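Under this note's numbering, residues 135 to 401 are what the sequence shown spells out, in order.
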Amino acid sequence: MDSNETNATEPAAMATTVIATNDNFLVILGITNIISLTMLRVVSKFFVSCVGIVFNLDLVYITFKTTSLHGTCNLLIALNALFTAFFEFSYITELVIHSAKLGPVPLSHCFWLQLFPLFGANCTVPLILFIGIDRLLSIAFPTCHRINIRYYLTTIIGLCFLYSLTMAFITSLVVFQRYPQTPAWGQGCQVSDLYRDEAESMIERNNIILNLTTLGCYIGVWILIKRTKSEVEKQERIRPLFFSVPRNLSKTTQEDIATLRDKALPC
Numbered sequence: 135m136d137s138n139e140t141n142a143t144e145p146a147a148m149a150t151t152v153i154a155t156n157d158n159f160l161v162i163l164g165i166t167n168i169i170s171l172t173m174l175r176v177v178s179k180f181f182v183s184c185v186g187i188v189f190n191l192d193l194v195y196i197t198f199k200t201t202s203l204h205g206t207c208n209l210l211i212a213l214n215a216l217f218t219a220f221f222e223f224s225y226i227t228e229l230v231i232h233s234a235k236l237g238p239v240p241l242s243h244c245f246w247l248q249l250f251p252l253f254g255a256n257c258t259v260p261l262i263l264f265i266g267i268d269r270l271l272s273i274a275f276p277t278c279h280r281i282n283i284r285y286y287l288t289t290i291i292g293l294c295f296l297y298s299l300t301m302a303f304i305t306s307l308v309v310f311q312r313y314p315q316t317p318a319w320g321q322g323c324q325v326s327d328l329y330r331d332e333a334e335s336m337i338e339r340n341n342i343i344l345n346l347t348t349l350g351c352y353i354g355v356w357i358l359i360k361r362t363k364s365e366v367e368k369q370e371r372i373r374p375l376f377f378s379v380p381r382n383l384s385k386t387t388q389e390d391i392a393t394l395r396d397k398a399l400p401c
C-alpha cells in the first residue's frame, strides 16, 4: 500500500475507532440489551428533531402572529425556521422505516420518501444568504430597503424555490439513472443518502460558495456598523461646538450692546 492509500484510509480508521469506542461504552452500560445501537441512534435523532420542529414552528407562528415582528429580517428568519422544520421531518421517516423493518430501501423509493425534507434542506442554504444580504441592505440603504416589501420577499422566496427545485431535479437524475435499486446506507433512508456523484459535488461546492458569501455579507455589516458608530461619535464631539458658537456670539453681542449703552448714557 502506498502513502496516498495510507493517508486516505487513516480518517476512516479513526472514525471507525471513535464509533467503536462509543458503542463499547453503551455495551458496558447495558443499553444494548434493551435497544440496538442503530435504533438508539435513530430514536435519539427523532426526539431531537421533534424538539426542533416544535420550536421552529413556534417561531414561525409567533413571527406571523405578531405585527411588530413583520420586518423583512424577522420574516426571512421565520421562513428559514419553517424550511428547517421541513428537513427535520426526514428523521420521522427514518424512524418509521427502522421500526417497521422496511429496509433496505432503494434510493429510487428513498427519493420520494424524502422529497419534502430534501426540498426544505435545499431552501435553507440560499435563504441564510438572503438573510445576510438583507442585513447588509438594511444598513447600507435603510430607506430604499423598505420599499415594496411584498415584492422583495416574493422575489427571495421564488429564488429559493428555484434553487431547491433545481438541486432536487439534479439529484433525481443521478439517483434514477445510476442508482435506482441501490439501497440507502444502513437499513434506513436519509436525505444525505440521495446525494451521489455530480449531485454530491455540486451541493458541496454550492454550500461553500453560499456560506462564504454569507460570511462576506456579515463582514460588510460589521464594517458599516463600525463606520457608522465612528461617524456618530464624531458628530457627538462636533455637536457641542455648534451650540457653543451661537451661545458665545449671543453673549458677545449682549456685552457689546451693554457697552454701547453705557457709553451712550450721560455722565
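Glycine included, every Cβ here is placed at the ideal spot set by N, Cα and C.
All figures in this text were calculated on a predicted structure; none of them were measured in a lab.
* Asked: What span of residues does the alpha helix (DSSP H) with ASP327 cover, start to end?
  -> Per DSSP, ASP327 belongs to no alpha helix (DSSP H) and is neither H nor E.
Taking the alpha-carbon of CYS294 as reference, which of SER306, THR258, SER183 has the nearest alpha-carbon? THR258
Within 10 angstroms of the Cβ of GLY322, are there 16 or more other Cβ atoms? Answer buried if so, exposed if not. buried
Worksheet entry | Three-way DSSP call (helix, strand, coil) for PRO260 in this model | helix
Q) Nearest-angstrom Cα distance between LEU241 and ALA274? A) 46 Å
Note to self: For PHE223, which residues in the same chain have their Cβ closer than 6 Å to its Cβ, ignoring the five residues on either side in sequence?
What the structure shows: PRO251
**Prompt:** Taking the alpha carbon of THR227 as the point to measure from, which residue in SER202, ARG339, THR289, PHE245 has its own alpha carbon closest?
**Reply:** PHE245
Nearest neighbour of PRO314, chosen from LEU249, LEU229, VAL239, PHE220 [CA to CA]
VAL239
* Under a Cβ-count criterion, where at least 16 other Cβ atoms within 10 Å of its own Cβ denotes burial, should LEU263 be classed as buried or exposed? -> buried
**Asked** Of all the alpha helix (DSSP H) runs that stay within the bounds of the segment 275-325, which reach a length of 4 or more residues?
**Response** 283-312
In whole angstroms, give me the CA-to-CA distance for CYS184 and ARG361.
43 Å
Helix, strand or coil at PRO251 [DSSP, three-state]:
helix
| request: Please classify HIS402: is it buried, with 16 or more other beta-carbons within 10 angstroms of its beta-carbon, or exposed? | output: No statement about residue 402 is possible, as the shown extent of the chain runs from 135 to 401 and does not include it.
Problem - Opening and closing residue of the alpha helix (DSSP H) in which GLY186 lies - result: 171-199
Report task. For PHE303, count neighbouring Cβ atoms within 10 angstroms of its own Cβ and tell me buried if that reaches 16, exposed if not. Result -> exposed
Hey, would you say ALA318 sits closer than 8 Å to ASP327, going by beta carbons? yes
Residue range of the alpha helix (DSSP H) that includes SER202: From DSSP, SER202 is part of no alpha helix (DSSP H); its letter is neither H nor E.
Count the other CB atoms within 10 Å of the CB of GLN311; is the residue buried (16 or more) or exposed (fewer)? exposed
Considering only C-alpha positions, which residue in the set PHE221, THR201, LEU247 is nearest to PHE180?
PHE221
* To do: Within the same chain, show all residues whose beta-carbon is closer than 7 Å to that of LEU344, passing over the 5 residues directly before and after it, in chain order.
  => VAL259, PRO260, LEU263
Between the beta-carbon of LEU229 and the beta-carbon of VAL176, is there less than 8 Å?
-> yes
**Item:** Rounded separation between ASN190 and THR218 - CA only
**Value:** 7 Å
Rounded to whole angstroms, how far is the Cβ of ILE337 from the Cβ of MET301, which I believe are closer than 8 Å?
7 Å
- Among residues of its own chain, excluding the 5 on either side of ARG269, which ones have a beta-carbon nearer than 6 Å to its beta-carbon? VAL355
Could you give the first and the last residue of the continuous alpha helix (DSSP H) run that contains LEU229?
224-233
Is ASN282 buried or exposed, if buried means 16 or more other CB atoms sit within 10 Å of its CB? exposed
Next item on the list: Using a threshold of 8 Å, state whether the C-beta atoms of LEU236 and ALA215 are closer than that.
Entry: no
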